[in-house]
Every structure is written in C-alpha cells, then in structure tokens.
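Here the structure comes first, spelled out in structure tokens, and everything after it is commentary.
In the working numbering, the protein residues as written are 92 to 251.
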C-alpha cells in the first residue's frame, strides 16, 4: 500500500487486521517493518493497535553495525512494543564482501552484550534474527560466522 494515500492505507490495514484477528485470535502477531519508521508513511497507528510485537529490519549495509542497530532499536521504541530485530548477515550484493560481512557479524556477536546491552534492555528487545539472501550456491554463514553464532548468547529483555 506504499503508493496509496494514507487514508486508503489505514482503511486497508483495518480490513487486513480485522480478518487476521477474527480468523487467528489466539496467535501472537507481529509486523516486519522498516528500520527507520520516519522514512515511510505507513498506517503505523493501525498496525501497532493490532500487533503484539514489531520486527524492524535493521540492515547496516556499509555503516557501523553497532550504531545502526542502536539507532534502529531506539527509533522503533516509540511503538512501545516488544522488538525482534532482524539484522543482516549477507554478502555478494550492495558491494558487501564476504570479509566485510564476516567482520560485521563477528562484531555484532562480540559486542551485543556490552555495547548494545543498555538499549536492548531498555527497549523490550526480545529476539534477534539474521536475514540472508545470497547468490546461488552461497551459504548464509561461512565457518567463521557459524563459530561466532554457536558462541553467541545474546542478552534479551524478558517481557511477560
């Protein structure tokens, strides 16, 4: 609905969530969204009325991953919903090399519990996942990434 006028988008969002909630009332529902809600005029208030959590896609591309994650979590905290942040672990597109992706991934795993601990706990970050869409025959993680992932025990906020 990105190209629809906002009032039309709000109407469609109400219809969509009405159908979802009436057919799946006992399911936890979330919205996978943009890392910076200010960049997109969406029916945020409608979506947040029905969502149990938000899953912002915080892709740092060639920026500092720690600062980008921090900013994305903070920007989405305005919705006062638990967050499951989606991060990148890909290479081979947008000029991201395997070496660069590996360094960023290792940095996130190494620094999540120190440099990001405060923002995670203050803002209801309850989950983390890594998005990957690589080329044909490429793995989502290389061996170094898999080793970092095995040792990664991220601090997350418990929300009842």
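Even glycine gets a Cβ: it sits at the ideal position worked out from N, Cα and C.
Asked: Own chain partners of residue 180 with C-beta closer than 6 Å, once the 5 adjacent residues on each side are dropped; Found: 196, 221 and 223
Asked: Candidates 236, 187, 96 and 125: closest to residue 154 by CA position; Found: 187
Asked: Among 98, 143, 128 and 136, nearest to residue 112 - alpha-carbon criterion; Found: 143
Asked: Own chain partners of residue 165 with C-beta closer than 8 Å, once the 5 adjacent residues on each side are dropped; Found: 210 and 214
Asked: Contact set for residue 145: own chain, Cβ-Cβ below 7 Å, skip 5 residues either direction; Found: 121, 122, 124, 167, 170, 172 and 174
Asked: Residue(s) in a DSSP beta bridge with residue 145; Found: 122 and 174
Asked: Rounded separation between residue 109 and residue 117 - CA only; Found: 13 Å
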